[in-house]
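Using the numbering used here, the letters of the sequence shown correspond one by one to residues 33 to 220.
A virtual CB, placed ideally from N, CA and C, is assigned to each residue, including glycine.
Below is one structure, written out as structure tokens; the observations come after it.
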Amino acid sequence: MSHRVCPWWLGYLLASPLRRLLQDPEEIVSPHVREGMTVLDIGCGMGFFSLPLAELVGETGKVVCIDLQEKMIEGLIKRAVKANLEKRIDARICPQNSLGVSDIDGEIDFALAFALVHEVPDKERLFSEIYDSMKQSGKLLLAEPRGHVSEQEFEKTVSMAQSAGFEVLRDLEIRRNHAVLLRTRQGR
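Next comes the structure, spelled out in structure tokens:
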């Protein structure tokens, strides 16, 4: 589902401990994730958010990590093994035109799309597949970098998510990002 994909080698920089100085992944996701949840990390890269998510879901939870690039998934798996979190992570390489998650429809409690949607050519399909994967009242944290995405483009992206069935819960404050928390519509 890509057209302007982040190069795989940049994954090392994006997963670097230095990035935590600007964006603390635990601080960003911990208000939304509890032990036992099933979480979807879309465009997971080498696991900047995936590993903290795996810690938060605990032994009874699972993080489904999706990326288009095999080298990103390989880096994620190496980092997960080193952190002894590999049993909590379901790492998947997705095809070009889909998330490839139809086998988990209705299972996701929380999904994260961080600095990803601007890289996807078919955003409507992306949001439709995310929505289908979600449980009733499942939540989606959507964030896009201010340097790449204008306020107007972000509002259009949020509108596409709403057209897929999500409703806005609230705007979020995440440094250098436009961000919003959405959930599946009630009574879907």
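- With fewer than 16 other Cβ atoms inside 10 Å of its own Cβ, R207 counts as exposed.
- With a cutoff of 7 Å on beta-carbon distance, V89 and M69 are scored as near each other.
- Boundaries for E199: no alpha helix (DSSP H) harbours it, while the beta strand (DSSP E) harbouring it runs F198 to D203, taken from the DSSP string.
- Its chain contains V96 and S165 as the residues whose beta carbon lies nearer than 7 Å to that of I136, once the 5 sequence neighbours on both sides are disregarded; these appear in chain order.
- Collapsing the DSSP output to three states places D137 in coil.
- F142 is a Cβ neighbour of V65, given a cutoff of 7 Å.
- Note that the stretch 147-161 does not touch the stretch 80-94; fewer than 3 beta-carbon pairs, one per stretch, sit closer than 8 Å.
- If only uninterrupted beta strand (DSSP E) runs of at least 3 residues are considered, those enclosed by the stretch 52-94 are 70-74.
- The alpha-carbon separation between L83 and V152 amounts to approximately 24 Å.
- Here L204 is near L213, since their CB atoms are less than 7 Å apart.
- Per the coordinates, the alpha-carbon of E59 lies some 15 Å from the alpha-carbon of G79.
- Following the DSSP letters along the chain, one finds D122 in no alpha helix (DSSP H) but inside the beta strand (DSSP E) bounded by residues I121 to I125.
- Non-local beta-carbon contacts of P63 in its own chain, meaning distances under 6 Å to residues more than five positions away in sequence, are absent.
- Just measuring C-alpha positions, the residue of P177, V113, F186 and K171 sitting nearest G197 is K171.
- In its chain, beyond the 5 residues on either side, L174, V200, V212 and L214 have a beta carbon closer than 8 Å to the beta carbon of V190.
- Approximately 6 Å separates the beta-carbon atoms of F81 and L144; this is inside 8 Å, confirming the contact.
- The beta-bridge partner set that DSSP reports for L158 is empty.
- Beta-bridge partners of K171 (DSSP): F142 and R215.
- Between the beta-carbon of L100 and that of C126 there is about 6 Å, and that keeps the pair under the 8 Å contact cut.
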